[in-house]
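A.B. asks: One rule links them: number in the numbering used here = place in the sequence shown (from 1) + 11.
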Amino acid sequence: MSKDIRLKKGVDIRLAGQAPLLMKDAPKSSTYVVKPTDFLGIRPKLAVKEGQEVKAGTPLFYSKDDERIKFCSPVSGEVAEIVRGDKRKLLQIKILADKVNSFESFEKIDAGSLNKETVTARLLEAGLWPLIRQRPYGVMAKPDDKPKSIFISAFDSSPIAQDNNFILQGKVAEFQAGVDVIAHLTEGEIHLNLSTKPQSPNVLLDIKNVETTFFSGPHPAGNVGVQIHHISPLNKGDKIWYLYPQDVVAIGRLFNEGQHDARRTVAVAGSMSKERGYYEIHTGYDMNTIMEGKLEEGDTRIISGNVLTGNDVSVSPYLGFYDSVVCALPEGNEGQFLGWITPNFDKFSISRAMFSWLQPNKVYDLDTNLRGEERAYVVTGEYEQVLPMDILPVQLLKSIMIEDIDMMEKLGIYEVVEEDLALCEVVCTSKIPVQETLRKGLDLVRAELD
């Protein structure tokens, strides 16, 4: 039986440039890139060399901490370049793609013989294990752990995000197959969380073997961390695994077809893009193939991922491993006369110091300018207005700054990752780098206690 959860705290930032619900043909990219930096907490070890031929599903590198965890090529082709940074840190593996994609083959497993061991082994072998992440910490799950439950958030409430309901049309059978597979990974429930207000009829209403919950309210209602907090709060020592909807589809395809299929439907959005819409491409795709020459005039920032937590890929615009949206926003590197003092109806704020509170449904064409610099904390209560969790965010961040692990635990650090506090960073009067600070705390706690 499904249940409804209504959230009141949070805020919807209505940005110009939403991708229309229209599928478009994507030209094939000549190059694809796999970035070890997409995977938090991983120490990669290279498994290929330049000039080597690979297929879709061929391991490119693996984790030094657990060599069973492989990271595979999304397409077939030749390893064209291995990019390293300071101290020979592995940054990118660039693949020169074949005109026709070829796959590594994986033997199909009879559905009756599936169990946690066989499912885990196949996901590790085929390079799809990185799709499964865990709370706490928001890092890749460990294959030998026993999760309390598995969560799938089927909607994204962040600004100009992709519409997962539209993306999943025609893929329900593969999604169901993926759910049936991952059900073997836990003795607990599979929680499928849906929005009460999809833009189109909800295609996942009849999915079996899941516990369905409907969420309503402003962003961050679609964040899996917020959903876990309201359904099955984390205690110290608990592990909950989570996936995105297209991750579940990829797992279903693997067990149905025996192939590492890295296709992903991606929304191209943002006010600077002239080619907004949905494209079926592979992870690591060169977004210049779609966007070059098709941007509005002016300095542009290209973000792989949503506008609150995504990565600036303007210099090297390749699609991130977990991303289903690419946004093109104005850079905003020009100053403004009198700065924030200027009365302006085009500035977004939750404070009544700005006129935006008079226009709650206004659509804004915002740039990436911070409109200020970091300064001493001003306690305004703004964080608490946008965080629908029983957590004291300011006190948590201060405990991280002084590296007090006991206090971090008491204040709920196990329940949050960067996306959960992203709105706190947006509304912060003091311009505190909230997400960066939180990640430092998460890494410190994981290094000490995990």
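Beta carbons are placed, not taken as given, at the ideal position from N, Cα and C, and that holds for glycine.
#1: Measuring straight from C-alpha to C-alpha, what distance separates residue 279 and residue 178?
#2: Rounding to the nearest angstrom, what Cα-Cα distance links residue 457 and residue 401 in this structure?
#3: Return the first residue and the last residue of the alpha helix (DSSP H) that residue 235 is part of.
#4: Where does residue 104 sit, in a helix, a strand or coil, going by DSSP?
#5: Bridge partners for residue 375 per DSSP, in chain order?
#6: Please confirm whether residue 156 and residue 81 have their CB atoms less than 8 Å apart.
#7: What residue from 232, 275, 165, 234 has the CA that sits closest to residue 541's CA?
#8: Tell me, to the nearest whole angstrom, how far the beta carbon of residue 324 is from that of residue 315; I am working on the premise that it is less than 8 Å.
#9: Rounded to whole angstroms, how far is the Cβ of residue 398 from the Cβ of residue 174, which I believe are closer than 8 Å?
#10: Can you tell me which of the three DSSP states residue 413 falls into?
#11: So who's on the other strand from residue 252, going by DSSP bridges?
#12: Mind checking which residues open and close the beta strand (DSSP E) that includes residue 288?
#13: Using the rule of at least 16 other Cβ atoms within 10 Å of the residue's Cβ for burial, across every protein chain shown, is residue 387 buried or exposed?
#14: Pairing CB atoms from the segment 443-458 with CB atoms from the segment 367-380, are three or more of them under 8 Å?
#15: Would you mind working out which of 224, 358, 91, 340 sits nearest residue 242, comparing C-alpha positions?
#16: Between which residues of its own chain and residue 102 is the CB-CB distance below 8 Å, once the five residues before and five after are set aside?
#17: Is it a yes or a no for the segment 133-147 touching the segment 200-215, going by three-plus beta-carbon pairs under 8 Å?
#18: Does the pairing of the segment 179-192 with the segment 258-274 give three or more beta-carbon distances under 8 Å?
#19: So who's on the other strand from residue 56, going by DSSP bridges?
#20: Only counting the same chain, and skipping five residues up and downstream in sequence, which positions put a Cβ closer than 6 Å to that of residue 131?
#21: On the three-state DSSP scale, how would you describe residue 366?
#22: Need the endpoints of the alpha helix (DSSP H) that residue 3 sits in, please.
#23: Going by C-alpha to C-alpha distance, which of 305, 170, 301, 299 sits closest to residue 230?
#24: Would you kindly work out how many angstroms separate the C-alpha atoms of residue 318 and residue 123, rounded to a whole number?
#25: Quick check on the DSSP output: the alpha helix (DSSP H) that includes residue 97 runs from which residue to which?
#26: DSSP has residue 203 in a bridge; who is on the other side?
#27: Under three-state DSSP, which class holds residue 123?
#28: Provide the residue(s) that pair with residue 83 in DSSP beta bridges, ordered along the chain.
#29: In the DSSP assignment, the beta strand (DSSP E) including residue 389 goes from what residue to what residue?
#30: Residue 14 bridges to which residues according to DSSP?
#31: If we ignore side chains and look at the alpha-carbon of each, how far apart do residue 215 and residue 271 end up?
#32: Out of curiosity, what's the CA-to-CA distance linking residue 256 and residue 410?
#33: Can you pull the DSSP bridge partners for residue 34?
#34: Cβ atoms of residue 422 and residue 403: under 8 Å apart, would you say?
#35: Tell me which same chain residues have a C-beta within less than 7 Å of the C-beta of residue 140, skipping the five on either side of it?
#36: Sort 37, 305, 307, 338 by Cα distance to residue 321 and report the nearest one.
C.D. replies: Concretely, from the data shown:
#1: As a first step, residue 279 must be located in the sequence shown, where it is residue number 268. As a first step, residue 178 must be located in the sequence shown, where it is residue number 167. C-alpha separation (whole angstroms): 13 Å.
#2: In the sequence shown, residue 457 corresponds to position 446, counting from 1. In the sequence shown, residue 401 corresponds to position 390, counting from 1. Cα to Cα, the separation comes out at about 22 Å.
#3: The residue you call residue 235 lines up with position 224 of the sequence shown. Run containing residue 235: 235-242, per the alpha helix (DSSP H) assignment.
#4: As a first step, residue 104 must be located in the sequence shown, where it is residue number 93. It is a strand residue.
#5: Counting from one through the sequence shown, the residue named residue 375 turns up at place 364. Note: residue 375 sits in a beta bridge opposite 26.
#6: Start at 1 with the first residue of the sequence shown, and residue 156 comes out as number 145. Start at 1 with the first residue of the sequence shown, and residue 81 comes out as number 70. Not in contact: residue 156 and residue 81 (Cβ atoms no closer than 8 Å).
#7: No answer is possible for residue 541: it lies beyond the span of the chain, which begins at 12 and ends at 461.
#8: Here residue 324 is taken as the residue at index 313 of the sequence shown, counted from 1. Here residue 315 is taken as the residue at index 304 of the sequence shown, counted from 1. That pair is a contact at about 5 Å.
#9: As a first step, residue 398 is located in the sequence shown; it is residue number 387 there, counting from the start. As a first step, residue 174 is located in the sequence shown; it is residue number 163 there, counting from the start. No, residue 398 and residue 174 are not in contact; Cβ-Cβ is about 25 Å, not under 8 Å.
#10: The residue you call residue 413 lines up with position 402 of the sequence shown. It is coil, neither helix nor strand.
#11: Taking the first residue of the sequence shown as 1, we reach residue 252 at position 241. Residue 252 is bridged by DSSP to 145, 161.
#12: The sequence position of residue 288 within the sequence shown is 277, counting from 1. 288-293 is the extent of the beta strand (DSSP E) around residue 288.
#13: As a working mapping, residue 387 is identified with position 376 in the sequence shown. Residue 387 is exposed by the Cβ-count criterion.
#14: no
#15: Translated into positions along the sequence shown, residue 242 becomes position 231. Out of 224, 358, 91, 340, 224 has the C-alpha closest to the C-alpha of residue 242.
#16: Working through the sequence shown from its first residue, we reach residue 102 at position 91. Only 46, 47, 48, 94, 95, 96 meet the Cβ criterion.
#17: Fewer than three beta-carbon pairs drawn from the segment 133-147 and the segment 200-215 are found closer than 8 Å, and the two stretches are therefore not classed as touching.
#18: Segments in contact, yes.
#19: Here residue 56 is taken as the residue at index 45 of the sequence shown, counted from 1. DSSP, once it has assigned bridges, lists 73 as partnering residue 56.
#20: One-based indexing of the sequence shown puts residue 131 at position 120. Cβ neighbours of residue 131 beyond the five flanking positions: 154.
#21: Here residue 366 corresponds to residue number 355 of the sequence shown, with the count starting at 1. Helix.
#22: Residue 3 is absent from the structure shown; the chain starts at 12 and stops at 461.
#23: Taking the first residue of the sequence shown as 1, we reach residue 230 at position 219. Between residue 230 and the set 305, 170, 301, 299, the nearest pair of CA atoms involves 170.
#24: Taking the first residue of the sequence shown as 1, we reach residue 318 at position 307. Taking the first residue of the sequence shown as 1, we reach residue 123 at position 112. Going from the Cα of residue 318 to the Cα of residue 123 covers about 43 Å.
#25: For the purposes of this step, residue 97 is taken as the residue at position 86 of the sequence shown. Where residue 97 is concerned, there is no enclosing alpha helix (DSSP H), given that its DSSP letter is neither H nor E.
#26: Here residue 203 refers to the residue found at position 192 when the sequence shown is read from its first residue. The partner list for residue 203 (beta bridge, DSSP) reads 163, 223.
#27: Looking up residue 123 in the sequence shown gives position 112. It is helical.
#28: The residue you call residue 83 lines up with position 72 of the sequence shown. In the DSSP output, where bridge partners are listed per residue, residue 83 has 70.
#29: For the purposes of this step, residue 389 is taken as residue 378 along the sequence shown, with counting starting at 1. Residue 389 -> no beta strand (DSSP E), and no H or E assigned at all.
#30: To locate residue 14, count along the sequence shown from 1; it is residue 3. Per DSSP, 224.
#31: On the sequence shown, position 204 is the one that residue 215 refers to. On the sequence shown, position 260 is the one that residue 271 refers to. Each residue's Cα considered, the two are about 24 Å apart.
#32: Residue 256 sits at position 245 when you count from the first residue of the sequence shown. Residue 410 sits at position 399 when you count from the first residue of the sequence shown. Going by the C-alpha atoms only, they are around 34 Å apart.
#33: Residue numbering aside, residue 34 sits at position 23 when the sequence shown is read from its first letter. Per DSSP, 289.
#34: The residue you call residue 403 lines up with position 392 of the sequence shown. The residue you call residue 422 lines up with position 411 of the sequence shown. Cβ atoms of residue 403 and residue 422: closer than 8 Å.
#35: Your numbering for residue 140 matches position 129 in the sequence shown. Closer than 7 Å at Cβ, skipping near neighbours: 80, 134, 154.
#36: For the purposes of this step, residue 321 is taken as the residue at position 310 of the sequence shown. In terms of CA proximity to residue 321, 338 leads the group 37, 305, 307, 338.
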